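Some notes on the structure that comes next.
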Amino acid sequence: MPKLHHLRNFVAVARARSLRSAARSLGLTQPALTRSVRELEAELGVALFQRHARGVSLTVAGERFLLRAQAALEELRRGSEEAAQARGEMQGHVAVALSSAPVLSLLARAYAQFRRDWPDVHLRFVEGLFPAVEPALRDGRLDFYLGPRPERQLSASYQVALVHRNERVVLARRGHPLRSAGSLQALLEADWIVTGLRERREEEFEEQFSALGLRSPRVVTVAESLMALLALLASSDALAFLPRQWADTPLFNGVLEPIAVRESLMAPDIVQVTRAALPLTPAAERLSTLLLRAAVHDFGEPAGA
Numbered sequence: 001m002p003k004l005h006h007l008r009n010f011v012a013v014a015r016a017r018s019l020r021s022a023a024r025s026l027g028l029t030q031p032a033l034t035r036s037v038r039e040l041e042a043e044l045g046v047a048l049f050q051r052h053a054r055g056v057s058l059t060v061a062g063e064r065f066l067l068r069a070q071a072a073l074e075e076l077r078r079g080s081e082e083a084a085q086a087r088g089e090m091q092g093h094v095a096v097a098l099s100s101a102p103v104l105s106l107l108a109r110a111y112a113q114f115r116r117d118w119p120d121v122h123l124r125f126v127e128g129l130f131p132a133v134e135p136a137l138r139d140g141r142l143d144f145y146l147g148p149r150p151e152r153q154l155s156a157s158y159q160v161a162l163v164h165r166n167e168r169v170v171l172a173r174r175g176h177p178l179r180s181a182g183s184l185q186a187l188l189e190a191d192w193i194v195t196g197l198r199e200r201r202e203e204e205f206e207e208q209f210s211a212l213g214l215r216s217p218r219v220v221t222v223a224e225s226l227m228a229l230l231a232l233l234a235s236s237d238a239l240a241f242l243p244r245q246w247a248d249t250p251l252f253n254g255v256l257e258p259i260a261v262r263e264s265l266m267a268p269d270i271v272q273v274t275r276a277a278l279p280l281t282p283a284a285e286r287l288s289t290l291l292l293r294a295a296v297h298d299f300g301e302p303a304g305a
């Protein structure tokens with residue numbers, strides 16, 4: 001059975017892709033770290049790394065073992081923090097992935113209260129959709145995900161809970177010449193931006209129009225960054241489909257405004273995804289509770305799952 005220090009050393013080398021850099025970060029000599037890696041490889045009976053002149057790379061077996069090792073180390077850390085929190089120690093780490101909708105509508109209130117409740121807990125927030133953050137959630141680097149419901153059916157290893165229904169709006173710069181258009185039909189010739197943070201990009205965009213029997217406008221711009229999207233919308237006549245929260249947040253008042261259209265725009269539900277087999281730590285549970293409480297305040301109790 002691999003020892004804890006073997007796992008820790010292996011993960012450090014895998015992340016650094018260099019024995020020298022990993023040894024420096026761990027406070028070990030390079031020969032000692034090399035010996036540790038070789039002991040682990042002997043224990044497992046497989047080579048975990050390929051050695052090169054400029055460093056190391058993981059073998060196929062190494063890639064697979066890295067997932068297990070990271071998950072094991074994260075669970076040990078989480079278990080230690082959970083025990084400390086049960087003793088009344090208000091310390092630890094919480095890492096959460098959120099999409100832009102809960103960031104804009106729920107995070108500020110939950111964060112303020114959490115800081116009062118758990119002032120010494122280190123928080124990390126990652127922005128993204130489920131496909132991008134799933135590896136980190138699966139191996140324990142993230143405590144939970146809050147954002148649009150994943151398109152594919154998730155395995156039984158995850159627990160999915162409805163947080164609230166959502167809707168989209170057509171967003172434009174304030175004073176846009178098409179602000180009184182009134183329908184998607186009148187916006188077909190406009191320039192549109194598709195954000196690359198969606199799961200299916202152009203396909204999802206086209207479905208908004210095809211569901212209404214309309215041809216899809218030509219998309220020539222994909223924004224891979226929400227900051228780029230915001231800058232482009234504010235400085236051009238381009239339009240974008242975005243969650244309602246983008247129009248409601250005071251952060252963009254005076255810069256962006258929704259264009260009212262009579263059509264109903266499709267939007268995925270906002271859900272929370274956790275790992276089914278493992279409970280949240282008390283600190284992560286508190287942050288989750290505060291986010292869900294903010295959602296109930298803004299959107300009401302979710303009806304159905």
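Residue numbers for the sequence shown follow UniProt numbering, beginning at 1 and rising by one.
Note that the Cβ used here is the ideal one computed from N, Cα and C, for glycine as well.
A quick note: this is a predicted structure, and the numbers were derived from the prediction, not measured.
Just to confirm before moving on: does the CB-CB distance between residue i and residue j stay below 8 Å?
i: Ser57; j: Asp298; result: no
i: Gln272; j: Phe241; result: no
i: residue 310; j: Ala190; result: The displayed coordinates of the chain run from 1 to 305. Any statement about residue 310 would go beyond what the structure contains.
i: Leu188; j: Glu263; result: no
i: Ala284; j: Val163; result: no
i: Val6; j: Ser25; result: The question names Val, but residue 6 in the sequence shown is His. No, they are not a contact pair.
i: Leu229; j: Ile193; result: yes
i: Arg275; j: Ser157; result: yes
i: Asp120; j: Gln91; result: yes
i: Thr221; j: Leu232; result: yes
i: Pro282; j: Glu134; result: no
i: Ala267; j: Pro258; result: no
i: Ala110; j: Leu287; result: yes
i: Leu226; j: Thr195; result: yes
i: Ala69; j: Phe10; result: yes
i: Asp269; j: Arg165; result: yes
Exposed or buried, residue i, counting other C-beta atoms within 10 Å across all chains shown (16 or more means buried)?
i: Pro102; result: buried
i: Phe125; result: exposed
i: Arg78; result: buried
i: Glu41; result: buried
i: Thr29; result: exposed
i: Ala186; result: exposed
i: Gly175; result: exposed
i: Pro243; result: buried
i: Asp143; result: buried
i: Ala23; result: buried
i: Leu4; result: exposed
i: Gly88; result: exposed
What residues are listed by DSSP as bridge partners for residue i?
i: Pro243; result: Arg168
i: Val219; result: Trp192
i: Gly182; result: Val261
i: Ser64; result: Correcting the residue type first, residue 64 is Arg in the shown sequence and not Ser. According to DSSP, Arg64 bridges with nothing at all.
i: Arg173; result: Leu256
i: Leu162; result: Val271
Is residue i close to the ligand ADP? I mean its beta-carbon at under 7 Å from any heavy atom of the ligand.
i: Thr221; result: As presented, the structure is devoid of all ligands, the ligand ADP included, so that no description of it is given.
Return the chain-ordered ranges of every beta strand (DSSP E) run that is complete within the UniProt domain "HTH lysR-type" (2-59) and spans a minimum of 3 residues.
49-52, 55-58
Are three or more beta carbon pairs between the segment 63-83 and the segment 136-154 nearer than 8 Å? The segment 63-83 vs the segment 136-154: in contact.
- What are the complete alpha helix (DSSP H) segments, minimum 4 residues, inside the segment 80-160? 100-105, 107-117, 130-138
>> Which complete alpha helix (DSSP H) runs does the segment 234-300 hold, if anything under 4 residues is left out?
In response: 244-248, 282-299
- Is there contact between the segment 170-183 and the segment 148-157, where contact requires at least three CB pairs shorter than 8 Å? no
_With a threshold of 8 Å, are at least 3 pairs of Cβ atoms found where one atom belongs to the segment 84-103 and the other to the segment 282-297?_
yes
Contact the segment 114-125 vs the segment 46-61: 3+ CB pairs below 8 Å
They do not touch, by the three-pair rule.
Segment contact, 8 Å Cβ cut-off, at least three pairs: the segment 250-260 with the segment 55-69: no
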